[in-house]
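Residue numbers (the working numbering): -11 to 319. Note that beta-carbon positions come from the ideal geometry of N, C-alpha and C, so glycine has one too. Report on the structure given below.
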Amino acid sequence: MEDIQQIRDLLAYPKDIIVFSHRNPDGDAMGSSIGVKLYLEKLGHKVDIIFPSEFPSILTFLPRTDDIVIYDFEKERALELIKRCQLMFFLDFSSLDRIDALGEHVISKNVPKIHIDHHLDPEPFADFVFSDVSSSSTSELVYRFFRLFNNCIFLDEKIAECLLTGIISDTGSFKYSASSETFQIASKLMEEGVDIAELQNNIYNSLSDKQLKLIGYSINQKMELIPEYDTAIMALSKQDYKEYEIQRGDTEGLVNYMLMMKNVRLAALITEQPTIVKISLRSKGDLSVQEIVKKHFKGGGHKNAAGGQAFAKLEDVVSRFKAVLPQYVHN
Ligand code: 5GP
Ligand code: MN
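Here it is as structure tokens:
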């Protein structure tokens, strides 16, 4: 990035900095945000993280999660921090609507803005943009940012653990969009002393029995196969959320199970939320789910993993999804 010297100048003296990431933060949003916070703190900055909404409890093994400000719960505090802040980072999202109402406060605040992300179609809201859609994760890009910034001299085990969490989460343990550079960076991060087996256990082997039973129930009772379009769908209603005491984060990863079937190239998890219906799509190969959500569900993401939403009835969203399938899945 040609502007790196300007960023070095911006970070040369202690500042009040905010790191923002997207609503329903996942392992990459959390890992990259906390990684950036810890790194910048070593440079003497005061760094706060603001997320629009709560993070999954499974990710509390990461360092300093108690310090994160959730806008849904602490609006006043978040706005106060924005008022004082001198520099902003935006991690792991490409459009401002991903940070809900925070977006307008951010736009009207005239401070330098640094955007690091790997989603398609980045909106031009920042002064410095470090975007690469071929990167496995924002955490991988954050590592490359540190390398460019000062050769990673402040990297340590905790920061490496955060960034590895992001890489492992977004690649499904190096299964999706992991390049040779992803492995090289993961290797460098491991050299900081991270216990990778423990980290994998924290990320993937930490479900409660209730959460695992929800996976069983969903696959057994809720999955619908549409063989002519190589597609599998799961729809969870408010009633399911109540009956199975489903909490935020519990459905994370559920959509991926459907891709485990050899003949399924497109998987959809459609969930009825308090106000919206959320759609989460995954695909194999050239089939772009980003195109589907962008056109029909006000969403975005990546070619093989994307999400969107609709203000409609659950059944109507399911029908709309089925109706557009022929346009996108060709045999
Ligand atoms: P998930 O299906 O796990 O929620 O998200 C998959 C990918 O799509 C993630 O990279 C996420 O950031 C993106 N994504 C999910 N929901 C939305 C949405 O409503 N709008 C946009 N622009 N991207 C989304
Ligand atoms: Mn990501």
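Straight-line gap, residue i to residue j (C-alpha atoms, nearest Å)
i	j	result
S157	G32	29 Å
A185	Y192	10 Å
F39	D105	16 Å
D(-9)	F137	10 Å
F61	S82	24 Å
H318	I258	22 Å
P215	V252	8 Å
G91	A17	17 Å
T153	I46	12 Å
Q74	E149	27 Å
D14	F133	20 Å
L302	L26	41 Å
H93	L84	11 Å
S21	E29	12 Å
V24	Y217	42 Å
R86	K283	17 Å
Range covered by the alpha helix (DSSP H) that runs through residue i
i	result
A66	K63 to R72
A185	I184 to Y192
A166	Careful: A166 lies outside any alpha helix (DSSP H) and carries neither H nor E.
Buried versus exposed, by CB contacts within 10 Å (16 or more), residue i
i	result
Q315	exposed
P110	buried
L67	exposed
P2	exposed
S206	buried
A311	exposed
I141	exposed
T159	buried
Q297	buried
A293	buried
G287	buried
K266	buried
In DSSP terms, what residue i is bridged to
i	result
V7	I37 and F77
H103	F78 and V117
E260	V265
L254	T219 and S271
Enclosing beta strand (DSSP E) for residue i [first to last residue]
i	result
E212	M211 to I214
T126	From DSSP, T126 is part of no beta strand (DSSP E) but of the alpha helix (DSSP H) over T126 to N138.
R308	Note, R308: premise wrong, no beta strand (DSSP E); alpha helix (DSSP H) at L302 to Y316.
R270	V265 to S271
E233	Premise fails: E233 is in no beta strand (DSSP E) and is neither H nor E.
A148	Unbroken run through A148 is the alpha helix (DSSP H), E145 to D158; no beta strand (DSSP E).
Q297	A293 to A298
Integer-rounded CB distance, given that residue j should sit under 8 Å from residue i
i	j	result
M246	M222	7 Å
L254	V281	Their Cβ separation, rounded to whole angstroms, is 12 Å, which puts L254 and V281 out of contact at 8 Å.
S43	I56	It should be pointed out that residue 43 corresponds to Phe in this sequence rather than to Ser. The Cβ separation is near 7 Å, so the contact holds.
I173	E128	6 Å
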